[in-house]
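As structure tokens, the structure follows; a few thoughts come after it.
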Amino acid sequence: MSTQDDTRWNLVAQRQPANFLYGVTTMGIYCRPGCPSPRPRRENVRYFADIPEAEAEGFRACRRCDPKGEREAIARAVVADACAAIEAEEGIPSLEALAKRAGYSRFHFLRLFREHTGVTPRSYAERVRALRLQAALTRGGRVADAIQEAGFGSESRVYEDTGKLLGMTPGALRRGGAGEVVRTAFADSPFGRLLVGATETGVCFLGFAEPDEALMGDLRRRFPKARIEADDAGLAETLANVLAFIAEPRQALALPLDLRGTAFQVRVWDALRRIQPGETRTYGELAGMIGAPKAIRAVARSCATNPVSLAVPCHRVVGKDGDLTGYRWGVPRKKELLARERRARS
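My numbering puts the sequence shown at residues 726 to 1071.
This is how it looks when you write it as structure tokens:
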């Protein structure tokens, strides 16, 4: 008959996360069950409910799995300091300079930074410059002046990487969508009023559950100078696809999309589209899907700024305990969407 110790040992042997600690008597250390250290011999293992109990018995914290979170806190502080240093520089600090500032080797610092932000220090610095450029362009100044103010060495560098940096050309951003046409159409849905907005590239906005004025205001904030045109007939098929998905979400909502965001945001949105109807992922699992397991907060922010709900299904992301965390269109609707998807899948 299986005992509690048998269950605990199986979790330790399989390196599975669990809500207890184990100590290794021959080493005098205590670890989390998921610790990557070599597995101890079972006869040398003791189990503890928490840190105070383990330390009261004379065991010290493992340096690899860091059960007290001390090394993790130091790493977060190091990365936060590096981010602040990058943001304070006009140019892009070298990896060597940042690693020296942190007191780590280049390799160790790079690994820490990527684990916590999801990008390299250089990519982070480029994103900071892109945000500066966005701010300068939206003030309506000359493109050349904005590029110089943001710290770019040449205009060609910006135009070569315009999709990665801005999601549109610098001129289009400066104009706030001026010269572009965004076609719109409203419909009634089971979740309230539904608004779809589309450029010539694809759907750029999909929102629901708010009054028409609020939905249109959200769209206009994203494209403040674009020409907004009602086009119920032209978007009838798109609306029909969205409504059919809400009614019976058996398969992913496949629409041509015009997604405008940073490289990191686009990676998150692409990962969201790989989650199948009826399935969920935690924010941590989503961060792992894009190769940035520690960038959980940045992933959550990217989910919150998703402009095309349903097509980019951020409702399929839940808290680490399975809790239905915040949702732009309301947690009750998130719950209903997931329930509909599970029914359709079964």
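Virtual Cβ for every residue (Gly too), placed ideally from N, Cα, C.
According to DSSP, which residues form a beta bridge with residue i?
{"i": "G917", "result": "S914"}
{"i": "V770", "result": "V749"}
{"i": "I953", "result": "V907"}
{"i": "L982", "result": "V928"}
{"i": "G922", "result": "T909 and F930"}
{"i": "A977", "result": "DSSP lists no partner for A977."}
{"i": "A786", "result": "Y755"}
What would DSSP say about residue i, mapped onto helix, strand or coil?
{"i": "F948", "result": "coil"}
{"i": "R908", "result": "strand"}
{"i": "T732", "result": "helix"}
{"i": "L1035", "result": "coil"}
{"i": "E813", "result": "As written in the sequence, residue 813 is Ala, which differs from the Glu given in the question. A813 falls in the helix class under three-state DSSP."}
{"i": "A781", "result": "helix"}
{"i": "G942", "result": "helix"}
{"i": "A805", "result": "helix"}
{"i": "A1025", "result": "helix"}
{"i": "A743", "result": "coil"}
{"i": "A875", "result": "A caution first: A875 carries a pLDDT of 49, below 50, which makes its placement in the model unreliable, though a value can still be read off. A875 falls in the coil class under three-state DSSP."}
{"i": "G888", "result": "Model confidence at G888 stands at a pLDDT of 45, short of 50, so the residue's coordinates are unreliable; what they give is reported in the following sentence. G888: helix per DSSP, three-state reduction."}
{"i": "V844", "result": "coil"}
{"i": "Y1052", "result": "coil"}
{"i": "C937", "result": "Note on residue identity: the sequence assigns Asp, not Cys, to residue 937. Looking at D937 - three-state DSSP - the assignment turns out to be helix."}
{"i": "R831", "result": "helix"}
{"i": "E1004", "result": "coil"}
{"i": "A824", "result": "helix"}
{"i": "I776", "result": "helix"}
{"i": "G855", "result": "According to the sequence as given, residue 855 is Ala; it is not Gly. If DSSP states are grouped into helix, strand and coil, A855 belongs with the helices."}
{"i": "A958", "result": "coil"}
{"i": "S881", "result": "With a pLDDT of 45 at S881, under the threshold of 50, the modelled position of this residue cannot be trusted; read the value that follows with caution. Correct three-state label for S881: helix."}
Are the beta-carbon atoms belonging to residue i and residue j less than 8 Å from one another?
{"i": "A961", "j": "H841", "result": "no"}
{"i": "V928", "j": "V1033", "result": "yes"}
{"i": "L964", "j": "V991", "result": "no"}
{"i": "H1040", "j": "L1062", "result": "yes"}
{"i": "F911", "j": "D937", "result": "yes"}
{"i": "D791", "j": "E797", "result": "yes"}
{"i": "N735", "j": "T750", "result": "no"}
{"i": "L1035", "j": "L978", "result": "yes"}
{"i": "R998", "j": "V1037", "result": "yes"}
{"i": "Y755", "j": "C808", "result": "no"}
{"i": "V804", "j": "L837", "result": "yes"}
{"i": "V993", "j": "I1015", "result": "yes"}
{"i": "V737", "j": "P758", "result": "yes"}
{"i": "R740", "j": "C760", "result": "yes"}
{"i": "A1064", "j": "P974", "result": "no"}
{"i": "R1058", "j": "A1029", "result": "no"}
{"i": "L820", "j": "A810", "result": "no"}
{"i": "G1003", "j": "E1066", "result": "yes"}
{"i": "I953", "j": "T1005", "result": "no"}
{"i": "R839", "j": "A1017", "result": "yes"}
{"i": "F933", "j": "R947", "result": "no"}
{"i": "T926", "j": "D983", "result": "yes"}
{"i": "Y772", "j": "D731", "result": "no"}
{"i": "T784", "j": "G753", "result": "Thr is not the amino acid found at residue 784; the sequence shown has Phe there. Yes, these two residues count as a Cβ contact at 8 Å."}
First and last residue of the beta strand (DSSP E) that includes residue i?
{"i": "I754", "result": "I754 to C756"}
Compute the minimum distance between the beta carbon of residue i and the heavy atoms of the ligand ATP, and state whether it is under 7 Å.
{"i": "W1054", "result": "Ligands are entirely absent from the displayed structure, and the ligand ATP is therefore not among its contents."}
Start and end of the alpha helix (DSSP H) containing residue i?
{"i": "H1040", "result": "Looking at the DSSP string, H1040 is not in any alpha helix (DSSP H), and its letter there is neither H nor E."}
{"i": "Y1008", "result": "Y1008 to M1014"}
{"i": "P763", "result": "Looking at the DSSP string, P763 is not in any alpha helix (DSSP H), and its letter there is neither H nor E."}
{"i": "K1019", "result": "Unbroken run through K1019: none, as it is neither H nor E."}
{"i": "L1063", "result": "V1056 to R1070"}
{"i": "T963", "result": "A961 to A972"}
{"i": "R999", "result": "Here R999 belongs to no alpha helix (DSSP H), and DSSP marks it neither H nor E."}
For chain C, check one thing: does any of its Cβ atoms lie closer than 8 Å to the Cβ of residue i?
{"i": "F911", "result": "In summary, chain C is missing from the structure at hand, where a single protein chain is found."}
Any contact of the segment 1041-1048 with the segment 940-948, i.e. 3+ C-beta pairs under 8 Å?
The segment 1041-1048, when compared against the segment 940-948, does not touch it at the 8 Å Cβ threshold.
Taking contact to mean 3 or more Cβ pairs, one atom from each stretch, closer than 8 Å, check whether the segment 1020-1030 and the segment 978-989 are in contact.
Yes, since at least three Cβ pairs between the segment 1020-1030 and the segment 978-989 fall closer than 8 Å, the two stretches touch.
Using 8 Å as the Cβ pair cut-off and three pairs as the minimum, do the segment 733-747 and the segment 758-776 touch?
yes
Is there contact here, the segment 806-818 with the segment 778-789, by at least three beta-carbon pairs under 8 Å?
Here the segment 806-818 does not lie against the segment 778-789, with fewer than 3 beta-carbon pairs under 8 Å apart.
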